[in-house]
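Asks: Here you go, one structure.
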Amino acid sequence: MASTEPVLEVRDLVKHFAVRRSGWFGARAIVHAVDGVSFVLRRAETLAIVGESGSGKSTVGRMIVGLTPPTAGSVHLMGQRIDQLGRRKMRPLRRHLQLIFQDPYASLNPRMTAGRIVGEPLGNFVTESAAERRDRTAALLSRVGLGAQYLDRHPHQFSGGQRQRLGIARAIATRPTVVVCDEPVSALDVSVQAQVINLLVDLQAEFGMSYLFIAHDLGVVEHVSDRTAVMYLGRLVEIAQTRALFRAPQHPYTQALMASVPLPDPTKPRLTLAVEGEVPSAIAPPPGCRFHTRCPHAKPVCRTEVPPLRVIAPGHEAACHLLSG
Amino acid sequence: MAARGHAADTPALRVRDLEVELGRGTRRVVAVDRLSFEVAAGETLAIVGESGCGKSMTALGVLRLLPGASARMRATELTLGEIDLLSLSPEELRRLRGDRIAMIFQEPMTSLNPVLTVERQITETLRVHRQLGRSAARARALELLHAVRIPDPERRLQQYPFELSGGMRQRVMIAAAVSCNPDVLIADEPTTALDVTVQAQILEVLLDLKRQRGMALVLITHDLGVVAQTAQRVVVMYAGRKVEEARVRDLFANPRHPYTRGLMGSMPRLGASQGDGPRGRLPEMAGTVPVLDRPAPGCAFAPRCALADARCTREAPPLVAFEDGHTAACWRADAVIEAAHGVD
Ligand SMILES: Nc1ncnc2c1ncn2[C@@H]1O[C@H](COP(=O)(O)OP(=O)(O)O)[C@@H](O)[C@H]1O
Ligand SMILES: Nc1ncnc2c1ncn2[C@@H]1O[C@H](COP(=O)(O)OP(=O)(O)O)[C@@H](O)[C@H]1O
Ligand code: SF4
Ligand SMILES: [Mg+2]
Ligand SMILES: [Mg+2]
């Protein structure tokens, strides 16, 4: 069960990427990938970040684990600011913060055996004999449903689901406090997806880790998370207890997102167009509320003023001018 | 060529015992195994299953567009309206594709030509099949872009695929595919790469076009939500075979194959958190979709099936017809229903 103790906090995170536009003169442009995102992740909690592609979910995850330096803002792990720690100072904290990727293949060294892939992260923190390490590694692999026969195999000899299990084994090897899971089941077929979701849920119950669970599938998010944050074009537009958010989404974007999901129930027809158009470019995000170009309820103020994230009910925040009391 | 339009009881597309084999010798894979289905004008048939079940090979087999020289297809019947596709020469087939039967793919980038403008992508088909002049073809292309609801169609005509978002590319692909008013459109995971709000838009465009033109639509997907919201009938594939077929509402009300039931159970559903009690584990099917290079004698699903008995591993179950055209290939299809009601 989640406690209220924060283990991870991000404050006003911003990431702007400088890019060159394609075309005649390759003019410089700024991608507003993440613009002022703040939230707290509590001990043993799963906080989901959901949103369409390009909304900045992965960039938030990458800034947290130190793969992308923030343009502004800060990241705090167990009370300590970590975004400006150098590699060396980060080392003792590193084991508390792990990452699981969508495509484990890209993140696993193809020349290493499963045993080394899983054994290595903790090897950096403890001293142990070769036999001890092998036992520990075999136990880890077996915990994620991979038998000892997999110890000496290479990533390409695994199926997609098995590779994700391997990625999970590596992430939990150090008994981390926080695991950032970036679309961990998005590439998997539904039957394998269910297996991996169950594994993640079981491991959390066993080890008390906190998950920052990034995904675009609303069904998955509703199933795994305690709280859910919704992102649109680099901004957090709504955050609440998962149950409350899915019962009564408040932000027009959250409502549109939910209304767009085709339900596996032919007696509930709902292919009604929830929202027109596509997500605009992050190079020139719309002024005011970034959703105003697609929002069915937009008023003049939406085009000029950025709606701040406001508490609209206990534990429920949303950023929309319609909701300012 | 046979005249357009046909007797009311002739399906737009009829496929009997389609087989697709890939590779040879020890690498031989039976990707599609004696698959039969038909789809009527104005109807949407969904083909659903996890990856590797043979959905794409079914589509390519029907169009006789199989990859590489080592791919072989066979069928006892393959008819498009009154036209026997099996007896056509490669040249005759080529003339038919894009004209009477068309296909769209998951990633339009692979089927759009990167160096042609949107206008050329669409008019190419028209000029080949309809011998339209340049300005007539252009007018028709504009009309089609309106039909797939592309904003600002005049400007889009001059753009290249890389300048378009995934959703816009898929619209262009659809416009090109329906440009000659095909009788049958096969759409292979047309929205799998798209965000959910754009998926809803594209599905609506497809269904509208189908309604307006009376096309038969074969919609291939892995998403049971898409099936429920778009199709009238559905074929569930597993390991290259049809394991169940039914009217969509019958399939969801009363799934008869354990694989279908497993798929429905393992899918996390929107709204599930609103029930009472703690969040449970998802019902799991153990194991994974089999690789098809070592076909076992029994039911391909047996190793993952909770209901499997000795006969299941020995003998492949035939497709058995139940009420209202509901068929399932499972020795224990009745036990599936009983088990479900026992739990409910
Ligand atoms: N390294 C980068 N350089 C330039 N733009 C980037 C880079 N990484 C991400 N972006 C852009 O930042 C935005 C957010 O991307 P991302 O965080 O990957 O979104 P999500 O994970 O929600 O799909 C997108 O517009 C994306 O194109
Ligand atoms: N080019 C190919 N060569 C050999 N085997 C292939 C090829 N493409 C697909 N297959 C095999 O054919 C089977 C069916 O594949 P496919 O029709 O693509 O499945 P689906 O579309 O349902 O995901 C799979 O087992 C796959 O491994
Ligand atoms: S602020 Fe305005 S534009 Fe933005 S979601 Fe609310 S109503 Fe729509
Ligand atoms: Mg991402
Ligand atoms: Mg496919």
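Line by line, the protein sequences are chains A and B. Here the working numbering is used: position 229 in the first sequence is 229, and no number is missing along the way. To convert, take the position in the second sequence, counting from 1, and add 1000; that gives the working numbering. Glycine residues also receive a C-beta, built at the ideal position from the N, C-alpha and C atoms.
Scan the region 106 to 133 of chain A for residues whose Cβ lies nearer than 9 Å to a Cβ of chain B and list them as they occur along the chain.
Replies: Taking a C-beta cut-off of 9 Å against chain B, none of the residues of the region 106 to 133 of chain A qualify.
Asks: Take every Cβ of the region 1108 to 1125 of chain B, pair it with every Cβ of the region 1148 to 1167 of chain B, and state whether three or more of those distances are shorter than 8 Å.
Replies: Yes, they touch.
Asks: Quick one: measure Cβ to Cβ for B:V1234 and B:V1048, integer angstroms, because I've assumed they're closer than 8 Å.
Replies: Here residue 1234 of chain B refers to the residue found at position 234 when the second sequence is read from its first residue. Here residue 1048 of chain B refers to the residue found at position 48 when the second sequence is read from its first residue. 6 Å between Cβ atoms; contact.
Asks: How is B:S1036 classed by DSSP in three states: helix, strand or coil?
Replies: Walking along the second sequence from the start, residue 1036 of chain B turns up at place 36. Looking at B:S1036 - three-state DSSP - the assignment turns out to be strand.
Asks: Could you tell me the alpha carbon to alpha carbon distance between A:A114 and A:G86, rounded to whole angstroms?
Replies: Here residue 114 of chain A corresponds to residue number 114 of the first sequence, with the count starting at 1. Here residue 86 of chain A corresponds to residue number 86 of the first sequence, with the count starting at 1. One C-alpha to the other measures close to 29 Å.
Asks: Relative to the C-alpha of B:P1090, which candidate in B:M1073, B:L1080, B:P1108, B:R1064 has its C-alpha closest?
Replies: By one-based count along the second sequence, residue 1090 of chain B stands at place 90. The candidate whose alpha carbon is nearest that of B:P1090 is B:R1064.
Asks: What distance in whole Å lies between the Cβ atoms of B:V1336 and B:R1256, which are believed to be in contact at a cut-off of 8 Å?
Replies: Residue mapping note: residue 1256 of chain B aligns to position 256 of the second sequence, counting from 1. Residue mapping note: residue 1336 of chain B aligns to position 336 of the second sequence, counting from 1. Confirmed, Cβ separation roughly 6 Å.
Asks: Quick one: measure Cβ to Cβ for A:P280 and A:T267, integer angstroms, because I've assumed they're closer than 8 Å.
Replies: Translated into the one-based positions of the first sequence, residue 280 of chain A becomes position 280. Translated into the one-based positions of the first sequence, residue 267 of chain A becomes position 267. The beta-carbon separation of A:P280 and A:T267, rounded to 36 Å, does not stay under the 8 Å limit for a contact.
Asks: So the beta strand (DSSP E) B:R1247 belongs to, where does it begin and stop?
Replies: Reading the second sequence from its first residue, position 247 is the one you call residue 1247 of chain B. It spans 1241 to 1247 - the beta strand (DSSP E) in which B:R1247 sits, taken as one unbroken run.
Asks: The alpha helix (DSSP H) spanning B:H1146 covers which residue range?
Replies: The residue given as residue 1146 of chain B occupies position 146 in the second sequence. Taken as a continuous stretch (DSSP letters only), the alpha helix (DSSP H) holding B:H1146 covers 1134 to 1147.
Asks: If we cut at 7 Å on Cβ distances, does A:T4 have a partner in chain B?
Replies: Within the first sequence, residue 4 of chain A is the residue found at index 4, counting from 1. False, the Cβ-Cβ gap to chain B never drops below 7 Å.
Asks: Given that B:D1223 touches chain A, what residues does it touch there, using C-beta distances under 9 Å?
Replies: Within the second sequence, the letter at position 223 stands for residue 1223 of chain B. V190, P262, P264, listed in chain order.
Asks: Is B:R1256 helix, strand or coil when you go by DSSP?
Replies: Within the second sequence, numbered from 1, the residue matching residue 1256 of chain B stands at position 256. Note: B:R1256 maps to coil in three-state DSSP.
Asks: Quick check: the Cα distance between A:L36 and A:G61, rounded to an integer number of angstroms?
Replies: The sequence position of residue 36 of chain A within the first sequence is 36, counting from 1. The sequence position of residue 61 of chain A within the first sequence is 61, counting from 1. A quick correction: the sequence has Gly, not Leu, at residue 36 of chain A. Whole-angstrom Cα-Cα distance: 14 Å.
Asks: So, is the C-beta of B:T1192 closer than 7 Å to a C-beta in chain A?
Replies: Within the second sequence, numbered from 1, the residue matching residue 1192 of chain B stands at position 192. For B:T1192, the answer is no, since every Cβ of chain A falls outside 7 Å of its Cβ.
Asks: Looking at the strands, I want to know which residues DSSP matches up with A:V311.
Replies: By one-based count along the first sequence, residue 311 of chain A stands at place 311. Partner(s): A:E317.
Asks: Is B:E1050 close to chain A? Criterion is C-beta to C-beta, closer than 7 Å.
Replies: For this step, residue 1050 of chain B is matched to residue 50 along the second sequence. Interface residue, yes.
Asks: Would you tell me roughly how many angstroms separate the C-alpha atoms of A:L212 and A:D182, rounded to the nearest one?
Replies: In the first sequence, residue 212 of chain A corresponds to position 212, counting from 1. In the first sequence, residue 182 of chain A corresponds to position 182, counting from 1. Their backbone Cα atoms lie some 8 Å apart in a straight line.
Asks: Let me make sure I understand the geometry here. Which of A:Q204, A:A148, A:V10, A:K57 has the alpha-carbon closest to that of A:R175?
Replies: Indexing the first sequence from 1 puts residue 175 of chain A at position 175. Ranking the options by Cα distance to A:R175, first place goes to A:Q204.
Asks: Taking the straight line between their C-alpha atoms, what separation do you get for A:L93 and A:M258?
Replies: Here residue 93 of chain A is taken as the residue at index 93 of the first sequence, counted from 1. Here residue 258 of chain A is taken as the residue at index 258 of the first sequence, counted from 1. A:L93 and A:M258: Cα-Cα distance of roughly 38 Å.
Asks: Please list the partners that A:G219 has in chain B, where partner means a Cβ-to-Cβ separation under 8 Å.
Replies: In the first sequence, the residue the question calls residue 219 of chain A occupies position 219. M1267, P1268, R1269, L1270, A1272, listed in chain order.
Asks: Quick check: what's the CA-CA separation for B:T1125 versus B:A1139?
Replies: Counting from one through the second sequence, the residue named residue 1125 of chain B turns up at place 125. Counting from one through the second sequence, the residue named residue 1139 of chain B turns up at place 139. Using only the alpha carbons, I get a separation of about 14 Å.
Asks: Report buried or exposed for A:E132, applying the criterion of at least 16 other Cβ atoms within 10 angstroms of its Cβ.
Replies: What you label residue 132 of chain A is simply residue 132 of the first sequence in a count that begins at 1. It counts as exposed.
Asks: Are the C-beta of A:F207 and some C-beta of chain B separated by less than 7 Å?
Replies: As a working note, residue 207 of chain A is residue 207 in the first sequence. Closer than 7 Å: no.
Asks: Using only CA atoms, which one of B:P1182, B:M1264, B:Q1131, B:E1189 lies nearest to B:M1057?
Replies: By 1-based counting over the second sequence, the position of residue 1057 of chain B is 57. Closest option to B:M1057, Cα to Cα, is B:E1189.
Asks: Tell me, please, which residues DSSP counts as bridged to A:C181.
Replies: Sequence index remark: in the first sequence, residue 181 of chain A carries index 181 (1-based). For A:C181, which the question treats as bridged, DSSP gives the partners A:I100, A:F213.
Asks: Does any CB atom of chain B fall closer than 7 Å to the CB of A:R247?
Replies: Start at 1 with the first residue of the first sequence, and residue 247 of chain A comes out as number 247. A:R247 counts as touching chain B.
Asks: From the beta carbon of B:I1337, is the nearest beta carbon of chain A less than 7 Å away?
Replies: As a position in the second sequence, residue 1337 of chain B is number 337, starting the count at 1. Chain A contact via Cβ: absent.
Asks: Which of the three DSSP states is assigned to A:I283 in this structure?
Replies: Residue 283 of chain A sits at position 283 when you count from the first residue of the first sequence. Looking at A:I283 - three-state DSSP - the assignment turns out to be coil, as it is neither helix nor strand.
Asks: Have a look at B:I1104, B:A1102, B:L1209, B:F1105 and flag the residue whose alpha-carbon is nearest the alpha-carbon of B:H1146.
Replies: Taking the second sequence and counting its residues from 1, the one referred to as residue 1146 of chain B is at position 146. Out of B:I1104, B:A1102, B:L1209, B:F1105, B:L1209 has the C-alpha closest to the C-alpha of B:H1146.
Asks: At the level of alpha carbons, what is the spacing between A:V65 and A:F101?
Replies: As a first step, residue 65 of chain A must be located in the first sequence, where it is residue number 65. As a first step, residue 101 of chain A must be located in the first sequence, where it is residue number 101. Those two C-alpha atoms are separated by around 12 Å.
Asks: Quick check: what's the CA-CA separation for B:K1055 versus A:R42?
Replies: Indexing the second sequence from 1 puts residue 1055 of chain B at position 55. Indexing the first sequence from 1 puts residue 42 of chain A at position 42. B:K1055 and A:R42 have their C-alpha atoms some 44 Å from each other.
Asks: From B:F1301 to B:Y1238, what distance separates their C-alpha atoms?
Replies: Walking along the second sequence from the start, residue 1301 of chain B turns up at place 301. Walking along the second sequence from the start, residue 1238 of chain B turns up at place 238. One Cα belongs to B:F1301, the other to B:Y1238, and the distance between them is close to 8 Å.
Asks: Return the chain-ordered ranges of every beta strand (DSSP E) run that is complete within the region 1147 to 1209 of chain B and spans a minimum of 3 residues.
Replies: 1184 to 1188
Asks: In chain A, which residues lie with their C-beta within 8 Å of the C-beta of B:S1165?
Replies: The count along the second sequence starts at 1 and reaches residue 1165 of chain B at position 165. Going along chain A in sequence order, the residues near B:S1165 (Cβ under 8 Å) are E278.
Asks: Classify B:F1252: buried if its beta carbon has 16 or more other beta carbons within 10 angstroms, exposed otherwise.
Replies: Position 252 of the second sequence, counted from the first residue, corresponds to residue 1252 of chain B. Under this definition B:F1252 is a buried residue.
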